[in-house]
Every structure is written in C-alpha cells, then in structure tokens.
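Enquirer:
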Amino acid sequence: MHPSEVLFQGERQPLMLPACDHYAGSEKLMRKSMVLQQELGPVFDITFDCEDGAAAGNEEAHARLVAELVNSPDNKFNRIGVRVHDVSSPHFARDVEIIVGAAASRLAYLVLPKPDSVQDVMKAIDAINSHAVKAGRDNLPVHVLIETHGALRGVFAIAALPQVECLSFGIMDFVSSHYGAIPANAMRTPNQFVHPLVVRAKLEIAAACHAHGKVPSHNVTTDIKDSAVVANDAQRALAEFGYTRMWSIHPSQIKPVVKAFAPRLSEVNEAAAILQEAAKANWGPISQHGRLHDRASYRYYWTILQRAKLAGLNLPEAAAQLLQPLQPLVPDTQTNATENT
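The letter at position 289 of the sequence shown is residue 289 when you use this note's numbering, and the numbering goes up by one with no holes.
(1) Quick one: grab the DSSP three-state call for G150.
(2) Measuring straight from C-alpha to C-alpha, what distance separates D294 and F8?
(3) In its own chain, which residues sit with a C-beta less than 7 angstroms from the C-beta of R12, not counting the 5 before and 5 after it?
(4) With three or more beta-carbon pairs closer than 8 angstroms as the criterion, would you say the segment 164-173 touches the segment 214-221?
(5) Per DSSP, L132 is paired with what?
(6) Rounded to whole angstroms, how far is the Cβ of V111 from the Cβ of I158, which I believe are closer than 8 angstroms?
(7) Report buried or exposed for Q253, applying the criterion of at least 16 other Cβ atoms within 10 angstroms of its Cβ.
(8) Can you tell me the Cα-Cα spacing of V6 and A108, whole angstroms?
(9) Taking only the alpha-carbon atoms, compute the straight-line gap between A67 and S130 and give it to the nearest angstrom.
(10) Leaving out five residues before and five after T221 in sequence, what residues of the same chain have Cβ atoms less than 7 angstroms from its Cβ?
(11) Determine the extent of the alpha helix (DSSP H) in which T303 is found, giving its start and end residues.
(12) Since A102 contacts A127 with CB under 8 angstroms, what's their CB separation in whole angstroms?
(13) Pick from G290, G53, K309 and G284: whose alpha carbon is nearest that of Y298?
(14) Measuring CB to CB, does L322 end up less than 8 angstroms from A272?
(15) Just to confirm, is the Cβ distance from A319 to A19 under 8 angstroms?
(16) What are the partner residues of W247, as DSSP defines its beta bridges?
(17) Please return the same chain residues whose Cβ sits closer than 7 angstroms to the Cβ of E267, not counting the five positions on each side in sequence.
(18) Which same chain residues, not among the five before or five after M16, have their C-beta less than 8 angstroms away from its C-beta?
(19) Beta carbon of K202, beta carbon of F241: below 8 angstroms?
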C-alpha cells in the first residue's frame, strides 16, 4: 500500500505547500520573481500583490497585468497566487472579476486580506467561486490573512472552511490595530517572539491550521539586508510556533527561508530508512536502533520526506521511491474483454 493510503485512512491528509511565499507588487518585481522561480524551481511560491504592495490609483490596469503574467509562459510551474483587495474594498469585486475570470486555470490560489470574521471570508469565497466556475475552475484554493481582532477571534472557523488551505499572520496590521498598546518593536525580532499578545496570535493561528490540516504561514521579516535575521526568524517560527511556511518580501530572503524550513539530510535519511522498513512490515510496528515505531511516528516521518521534496533536496533512492505518486487503478481491459466473450 502507498504511504498516503495506509497512514491517513479515513482522514484528509494534511496540506503541504512550498515553505516560502514571495510577495511582489510592481511589474518589475513580479517579472524578476518569475525569472528566479524558473531558475530555482517550484521551491517557493510567488504572490502577486494587488493590495498594500502595489501602487494606488491604477487598480484595474494592475489587475489586468497580473492576469496577463499569470497566464504567460513564464508561469512555468503554476505556483503563482494573487493577493486581491479586501472584501470591503471597492476594488475587490473588480479584482476577482478580472483576475479569476481571465486566469482561473493557472492560479495557484487567491489571498484574502483583512477579513474581520468568518462571514467575510465566506462572502469573498462565494464571489470568487461565481467567477471561477464560469471559467471552468472548481474549488480555487484560498489563503487568508489573519490581521484583525475579528479574524483572530474566528480563526478556527476560518481554518475549517474546505476551500481555505493556508492562514498567514499579518503582524504589522495586527500590531497597528492595537493603536500603541503593543509597541512597534513587537513587529520584529526579538520582541515578535516574546510579546504576549503577538505570541498568542501566532499560536492561535498555528493551532487552528494544524487542527484542520491547513498550512500556517509566518509573517514577514522587515529586515531585508541581513539574511541571518531572516533565517533566525524562520527557524524560530518552525521550531517554537509550528509554522511550516513564511513570507518573503525581497529576493534575498527566499533562499534563507527555504533552507531554514527544509529538514536536515540526516532527518531525511532516517525517515526514508524507517518508512522503508515499515513498508516491508506492511506498516505494522517495527523496532529500529532500539526504538519502537508505529503508524503514529510513520506519519511524522512521511511529512519529513514531503517537506524535503518541496524544498528541492536531493533525496536518497529509498525516499524517492516512497514519494512516487499513488497510481490510480486501471481496469484490465484485456481480462474484461476475455470475460465478456
């Protein structure tokens, strides 16, 4: 049996996405990010920005440009999403109409900023679906930015929505919404990892995502010059807060984020060895190096291999074999034909 069959029987397998989500809002930066994705491969996603990261005053033309780029041959891996305006903005409906209407089949996801409740998210998803279905796309994935008090209050309900696959923490808007009660230095390291209200928000988002098999995405690192700060933030987001994805706002941040979230080669080798032995034992319990392993630990090691694949690591042969996609059953037409004669 394939690992995905035996380890998640009766359960939805948790979603996995590339560890880095790179934002770009100007035409120059969007085209530059596409070139970089072609060079590095689909080890990071790109989010074209129609909201805060884009210039104001030319919204419709920008939306048309975004749709054109998503549809272009430079979108080699179909791993480009778009952040539209928030559902209360006068530009939201037109963003969705233009971008989804023209590029639904090529979009990786849409990002919804600044919802204030699960009802806001549901309203936005209804609008997205009305255009996506017309364009021949069902269940277009939606990512939601948690950056308001209301969204944080409803974070578990938002994560439970079937079409939502990722929640991102919008730390700057969240801190700003406290109007000085949280100091500005809580937007960056080290205080972003210790201020109680910020820590609470991060933990609630991560817990909601893991409860529903969705992907928690950590906030930006505003220091775009020091890659060590980016790497440290990514490592802490993963190790201390359970985040499996993180934003990038500068090309120099992409590689440190991808590397920080990638499992170590020793972990990959260990996971491959354990799962290979488990497969030989028909996924029953095994003992390796004096330690018991069963399906509970197999699920953990299975995610290690998936994260390694998404990060573009060179996998040992055993791991590559385990990660071969599940092949659908094909009827034996020759046997059927014989039986029918």
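All C-beta atoms, glycine included, are put in the ideal place defined by N, C-alpha and C.
Expert: By the coordinates alone:
(1) Three-state result, G150: helix.
(2) Going by C-alpha positions, D294 is about 13 angstroms away from F8.
(3) Hits under 7 angstroms: G213.
(4) Yes, since at least three Cβ pairs between the segment 164-173 and the segment 214-221 fall closer than 8 angstroms, the two stretches touch.
(5) In the sequence on display, residue 132 carries Ala and not Leu. Beta-bridge pairing by DSSP links A132 to no other residue.
(6) So it is not a contact: roughly 13 angstroms between Cβ atoms.
(7) Classification for Q253: buried.
(8) The alpha-carbon atoms of V6 and A108 are separated by roughly 28 angstroms.
(9) Going from the Cα of A67 to the Cα of S130 covers about 17 angstroms.
(10) So the list reads V229, V230, D233 and Q253, once near-sequence residues are dropped.
(11) Looking at the DSSP string, the run of the alpha helix (DSSP H) that includes T303 is R295 to L310.
(12) Rounded to whole angstroms, the Cβ separation of A102 and A127 is 16 angstroms, and the two are not in contact under 8 angstroms.
(13) Residue G284 is the option with its Cα nearest to Y298.
(14) For L322 and A272, yes; Cβs fall inside 8 angstroms.
(15) No. Outside cutoff.
(16) According to DSSP, which records beta bridges pairwise, W247 is partnered with D21.
(17) For E267, where only same-chain residues beyond five positions count, the Cβ hits under 7 angstroms are I304.
(18) Answer for M16: V215, T244, T303, Q306, R307 and L310, listed in chain order.
(19) Result yes, Cβ atoms of K202 and F241 sit closer than 8 angstroms.
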